[in-house]
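Engineer:
Protein chains: 2
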Amino acid sequence: MKKKSVINDTPVCQVRMQAISDTMSILSGKWKFHILGTLIEGNKLGFMDLLREIDGIGTKMLSKELQDLEMNQLISRKVMDTKPITVEYSITKYGATLEPLINELASWGINYRQSVHG
Amino acid sequence: MKKKSVINDTPVCQVRMQAISDTMSILSGKWKFHILGTLIEGNKLGFMDLLREIDGIGTKMLSKELQDLEMNQLISRKVMDTKPITVEYSITKYGATLEPLINELASWGINYRQSVHG
DNA sequence: GAAAGCACTTTCCTTGAGGAAACTACGTAA
DNA sequence: TTACGTAGTTTCCTCAAGGAAAGTGCTTTC
Numbered sequence: 001m002k003k004k005s006v007i008n009d010t011p012v013c014q015v016r017m018q019a020i021s022d023t024m025s026i027l028s029g030k031w032k033f034h035i036l037g038t039l040i041e042g043n044k045l046g047f048m049d050l051l052r053e054i055d056g057i058g059t060k061m062l063s064k065e066l067q068d069l070e071m072n073q074l075i076s077r078k079v080m081d082t083k084p085i086t087v088e089y090s091i092t093k094y095g096a097t098l099e100p101l102i103n104e105l106a107s108w109g110i111n112y113r114q115s116v117h118g
Numbered sequence: 001m002k003k004k005s006v007i008n009d010t011p012v013c014q015v016r017m018q019a020i021s022d023t024m025s026i027l028s029g030k031w032k033f034h035i036l037g038t039l040i041e042g043n044k045l046g047f048m049d050l051l052r053e054i055d056g057i058g059t060k061m062l063s064k065e066l067q068d069l070e071m072n073q074l075i076s077r078k079v080m081d082t083k084p085i086t087v088e089y090s091i092t093k094y095g096a097t098l099e100p101l102i103n104e105l106a107s108w109g110i111n112y113r114q115s116v117h118g
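Quick note, the sequences are listed as chains D and U, same order.
Note that the first sequence covers residues 1 to 118 in the numbering used here.
Note that the second sequence covers residues 1 to 118 in the numbering used here.
1) At the level of alpha carbons, what is the spacing between E41 of chain U and V79 of chain D?
2) Are the C-beta of R16 of chain U and some C-beta of chain D separated by less than 8 angstroms?
3) So L50 of chain D and Y89 of chain D are in contact, right, with Cβ under 8 angstroms, and what is the actual spacing, rounded?
4) Give the interface partners of P84 of chain D over in chain U, defined as CB-CB distance under 8 angstroms, in chain order.
5) Measuring alpha carbon to alpha carbon, tell me which residue in U:T86, U:I110 and U:S115 is nearest K93 of chain D.
6) What does L105 of chain U reach in chain D if we use C-beta pairs closer than 8 angstroms?
7) On the DSSP letters alone, give me the boundaries of the beta strand (DSSP E) that S32 of chain D sits inside.
8) Mapping DSSP to helix, strand and coil, what is Y112 of chain U?
9) Is the separation between the beta-carbon of H34 of chain D and that of M71 of chain U shorter than 8 angstroms?
10) Quick check on V15 of chain U: does DSSP put it in helix, strand or coil?
11) Could you compute how far the alpha carbon of I102 of chain D sits from the alpha carbon of I20 of chain U?
12) DSSP three-state call for I102 of chain U: helix, strand or coil?
13) Between L98 of chain U and W108 of chain D, how many whole angstroms is the CB-CB distance? I'm expecting something under 8 angstroms.
14) Taking 8 angstroms as the CB-CB limit, is I110 of chain U close to chain D?
15) Which bits of chain U does I7 of chain D rub up against, with CB to CB less than 7 angstroms?
16) Which bits of chain U does T97 of chain D rub up against, with CB to CB less than 8 angstroms?
17) Straight-line CA distance for L39 of chain D to P84 of chain U?
Structure, rendered in structure tokens:
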């Protein structure tokens with residue numbers, strides 16, 4: 001019989017572990033943080049704006065990641081009634097709650113770089 | 001000629017974006033946060049302890065992820081002079097600086113779950 | 001001397017993430 | 001009428017992440 005875990009076998013740990021998996025699954029992939037970060041900085045942006053802002057991303061991935069983020073209510077998509085139709089992507093109120101997390105991620109990375117090189 | 005980005009074209013944004021990529025690259029994969037979280041909770045743990053604590057992980061991935069984390073100075077590996085040799089994995093001082101990030105990740109996930117269901 | 005525990009490594013395999021390029025569709029400006 | 005800008009979708013391809021299972025080497029216990 002397999003031995004049971006000790007540390008992670010408390011309800012609080014299970015919930016925490018599950019929560020981390022949830023968050024990482026919602027924010028999975030190479031581009032989500034970049035898109036969210038750009039939309040937090042830039043307020044309202046079109047598809048082509050995002051394509052230009054986010055260095056290296058292609059149309060397929062941008063389109064797919066935007067759909068994912070919209071599905072999870074982190075960003076909103078609004079089709080504007082302009083001559084060549086334009087789309088406005090913006091961060092939602094809920095998406096904005098990720099700002100502390102993104103800041104933490106960024107500042108940890110900056111410190112890491114300094115401690116490795118400096 | 002390709003238009004330039006506007007929002008992300010400031011040095012501070014470039015640095016932030018790079019920092020986020022750095023952090024995510026160090027903490028990439030399915031298991032790093034679970035391993036780090038468990039070691040923060042559990043202090044000193046052996047290979048088999050971790051295998052039991054982290055639900056679903058296999059020996060190959062555990063071994064590989066532990067090597068990654070050790071290489072990046074986030075955990076330390078100490079071979080003990082016991083009869084069947086045992087190994088003590090523990091979080092380093094530097095690895096412990098990830099605690100706020102992990103907490104933020106966990107609490108965001110918990111809030112997300114509540115706001116979706118509750 | 002057989003089994004079981006520790007700590008891994010190796011091999012083989014599948015799936016999915018992600019990139020490149022082409023294509024759709026509509027409207028405007030030159 | 002040709003080109004450009006908007007906003008994507010579709011197809012094809014590759015590579016790396018990750019899982020399963022078996023093997024390695026050592027030691028202690030039954």
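We put the CB at the ideal spot given by N, CA and C, even for glycine.
Structural biologist: According to the structure data:
1) Their backbone Cα atoms lie some 48 angstroms apart in a straight line.
2) Contact with chain D is found for R16 of chain U, since one of that chain's Cβ atoms lies less than 8 angstroms from the residue's Cβ.
3) Their Cβ separation, rounded to whole angstroms, is 7 angstroms, which keeps L50 of chain D and Y89 of chain D in contact under 8 angstroms.
4) For P84 of chain D, there are no neighbours in chain U by C-beta distance under 8 angstroms, as the nearest C-beta there is about 16 angstroms away.
5) The option with the nearest alpha carbon to K93 of chain D is U:S115.
6) Per Cβ cutoff of 8 angstroms: A19, I20, T23, M24 and L101.
7) Reading the sequence as shown, one finds Lys at residue 32 of chain D and not Ser. Here K32 of chain D belongs to no beta strand (DSSP E); instead the alpha helix (DSSP H) covers K32 to G42.
8) DSSP, reduced to helix, strand and coil, places Y112 of chain U within a helical segment of the structure shown.
9) Going by beta carbons, H34 of chain D and M71 of chain U fall outside the 8 angstroms limit.
10) In the three-state DSSP reduction, V15 of chain U falls in the helix class (H, G or I).
11) Taking the straight line from one Cα to the other gives about 8 angstroms.
12) In the displayed model, I102 of chain U falls within a helix according to three-state DSSP.
13) The Cβ separation is near 7 angstroms, so the contact holds.
14) Yes, its Cβ sits closer than 8 angstroms to a Cβ of chain D.
15) Against chain U, the beta carbon of I7 of chain D has neighbours under 7 angstroms at T38, E41, G42 and E53, listed in chain order.
16) The contacting residues are W108 and N111.
17) In a straight line, the C-alpha of L39 of chain D is about 55 angstroms away from that of P84 of chain U.
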